[in-house]
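Single-structure report; data block below.
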Amino acid sequence: SDWALVIHGGAGVIERGQMTAEREAEYRAAMHAALDRGEAVLEAGGSALDAIEAVIHGMEDDPLFNAGRGAVFTAAGRNELDASIMDGATLNAGAVAGVTQVRHPISLARAVMERSRHVMLQGEGAETFAIEQGIEMVPPAWFFTERRWASMTRSLERLGLDLPERPEGAPELQGVDHGTLERDEREHRFG
Amino acid sequence: TVGVVALDSDGNIAAGTSTGGTTAKRWGRVGDSPILGAGTYASNASCGVSATGTGEYFIRLTVASRICALVEFQGLNLQDASDQVIQDELTAMGGDGGIVALTPSGEIAWSYNTPGMYRARQTAGGDPVVGIY
Chain A
3 SDWALVIHGG AGVIERGQMT AEREAEYRAA MHAALDRGEA VLEAGGSALD AIEAVIHGME
63 DDPLFNAGRG AVFTAAGRNE LDASIMDGAT LNAGAVAGVT QVRHPISLAR AVMERSRHVM
123 LQGEGAETFA IEQGIEMVPP AWFFTERRWA SMTRSLERLG LDLPERPEGA PELQGVDHGT
183 LERDEREHRF G
Chain B
34 TVGVVALDSD GNIAAGTSTG GTTAKRWGRV GDSPILGAGT YASNASCGVS ATGTGEYFIR
94 LTVASRICAL VEFQGLNLQD ASDQVIQDEL TAMGGDGGIV ALTPSGEIAW SYNTPGMYRA
154 RQTAGGDPVV GIY
C-alpha cells in the first residue's frame, strides 16, 4: 500500500536552547505517537479521513497542544474550540467553531460533513447537533490546564482587563513555573 | 493548533485541523482553522493542506486553497507552491505561521516562516521524521 501522512502541532517562536530537554523529549514523543496512530489506520487500509480523526484525537487529548484538552483560554476564561475537516475525493467539508463541551471537535466537524446538509456550525447550535449525533460531550473543566489559565491571566493583566472567575470544576490552584510559561507562550504564539 | 494531511492506499487525500485559538481572545474571534480554504483544504486534483499561524492572514490569503491552486493550475511542485505562499506572499503581508501539505502522488511539503513548527511525516515503508526547529 502507498500511504503518506504529514502532521503539525503548531508553530511559534520555538528556538533551540530555549526549550528544556525534557519538554523537547515530550513533544518528540507526542509527535511520534501521532504518526503511530495514523500509520495504524493507513497501514490497515483505513481511509485518510479515519487517519485524520485518529491522529487528531490523541493530540486533542494531549495537554501539550493547543487543541482540546490543553487549549488556551479566551479573555472570558473559557476554552472555545474550532476544527475542520475536508475530503479531497469529494470536496465535502465540515467545520465547527466556538464549541466548549465537545471532547473531540474534529469528530464533530466530520459529523457536520457527513451527517448534515451544512458545512459550518458554531457555538450552542453546534453543540446541540453534537448531542443529537451522539458525539462525546465533556464538562468545560475537562479542557482546563493550569499553565494555560496562568498564561491567560498574564495576558489579561498586561491588557489591563478584569480576570474572569476560575471555571467551575477546575482543579485546585496549582503553582506554575513562570519561566516555563514564558517559553510556552513563545512556543505556541499562534492559534 | 494541530493539523494532519493524509493520503490513503486508495489515493484519497484528506486534511483536518483543530485548535483552541489564541490566548485571551475576545469578541468571539474566529481564526483560520475552521475556515475551509484558509486553514484547511483538500482536493484529489491537487493536494491537501493544514495550516497554523496568525489566522487573520491565512484567511485573507486563503492560504490552503491557494497552495493547491498553484499546484493544480500552474503546475508548481508542492514545495515550491508552499514556499511561494508562505515564504513570499504571507511574509510580505506580515503574517506568520506555517503549513503541512501532501499530494495524491505522496509528495510531502512543509513551510513556515516562524523560528519553529512542531512537524512530522511518514510514508508507507519509510522512517518517521519529526522536527521542531
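Chains A and B, in that order, give the protein sequences. At the far end of the first sequence sits residue 193, using the working numbering, and the numbering has no gaps. At the far end of the second sequence sits residue 166, using the working numbering, and the numbering has no gaps. For each residue, glycine too, the CB sits at the ideal point set by N, CA and C.
Does the beta carbon of residue i come closer than 9 Å to any beta carbon on chain A?
i, result
"residue 129 (chain B)", "yes"
"residue 99 (chain B)", "no"
"residue 132 (chain B)", "yes"
"residue 147 (chain B)", "yes"
"residue 102 (chain B)", "no"
"residue 34 (chain B)", "yes"
"residue 93 (chain B)", "no"
Would you say residue i faces chain B, with C-beta separation under 9 Å as the test?
i, result
"residue 10 (chain A)", "yes"
"residue 76 (chain A)", "yes"
"residue 14 (chain A)", "yes"
"residue 85 (chain A)", "yes"
"residue 138 (chain A)", "no"
"residue 265 (chain A)", "Residue 265 (chain A) lies beyond the range of chain A shown here (3 to 193); nothing can be said about it."
"residue 48 (chain A)", "yes"
"residue 131 (chain A)", "no"
How is residue i classed by DSSP in three states: helix, strand or coil?
i, result
"residue 60 (chain B)", "coil"
"residue 51 (chain B)", "strand"
"residue 167 (chain B)", "For chain B, the structure presents residues 34 to 166; residue 167 (chain B) sits outside this window and is missing."
"residue 88 (chain A)", "strand"
"residue 54 (chain A)", "helix"
"residue 49 (chain A)", "coil"
Going along the chain, which residues of the segment 60-73 of chain A sit with their C-beta nearer than 8 Å to a C-beta in chain B? With the criterion set as a beta carbon lying under 8 Å from some beta carbon of chain B, the members of the segment 60-73 of chain A are 61, 62, 67, 68, 69, 70, 72, 73, in sequence order.
Meets three-Cβ-pair contact criterion under 8 Å: the segment 50-59 of chain B and the segment 73-93 of chain A: With a cut-off of 8 Å on Cβ pairs, the segment 50-59 of chain B is in contact with the segment 73-93 of chain A, counting three or more such pairs.
Tell me, please, whether the segment 94-108 of chain B touches the segment 64-81 of chain B by the rule of three or more beta-carbon pairs shorter than 8 Å. With a cut-off of 8 Å, the segment 64-81 of chain B and the segment 94-108 of chain B count as touching, because enough Cβ pairs lie within range.
Residues from the segment 24-43 of chain A in contact with chain B, defined by Cβ distance under 7 Å: From the segment 24-43 of chain A, only 26, 29, 30, 33, 34, 36, 37, 40, 41 have a Cβ closer than 7 Å to chain B.
Using a beta-carbon distance cut-off of less than 9 Å, what residues from the segment 107-127 of chain B approach chain A? Listed in sequence order: no entries.
Quick one: complete alpha helix (DSSP H) runs, 4+ long, within the segment 108-145 of chain A? Taken in chain order, the complete alpha helix (DSSP H) segments of 4 residues or longer contained in the segment 108-145 of chain A are 125-134.
Output needed in chain order: residues of the segment 79-104 of chain A with a Cβ under 7 Å from some Cβ in chain B. If the cut-off is 7 Å between Cβ atoms, the segment 79-104 of chain A has 81, 82, 83, 84, 85, 86, 87, 88, 89, 90, 91, 93, 95, 97, 98, 99, 100 near chain B.
Continuous beta strand (DSSP E) assignments of at least 3 residues falling wholly in the segment 105-160 of chain B: As far as the segment 105-160 of chain B is concerned, its whole beta strand (DSSP E) runs of at least 3 residues are 130-135, 141-145, 149-156.
Could you tell me whether the segment 73-81 of chain B touches the segment 36-44 of chain A, where touching means 3 or more Cβ pairs closer than 8 Å? Taking 8 Å as the limit for Cβ pairs, the verdict is that the segment 36-44 of chain A does not touch the segment 73-81 of chain B.
Could you please tell me which residues of the segment 66-77 of chain B, in chain order, have their CB closer than 8 Å to any CB of chain A? Flagged, chain order: 66, 67, 68, 69, 72, 73, 74, 75, 76, 77.
Any contact of the segment 115-130 of chain A with the segment 145-164 of chain A, i.e. 3+ C-beta pairs under 8 Å? Judged by Cβ distances under 8 Å, the segment 115-130 of chain A makes no contact with the segment 145-164 of chain A, as fewer than three pairs qualify.
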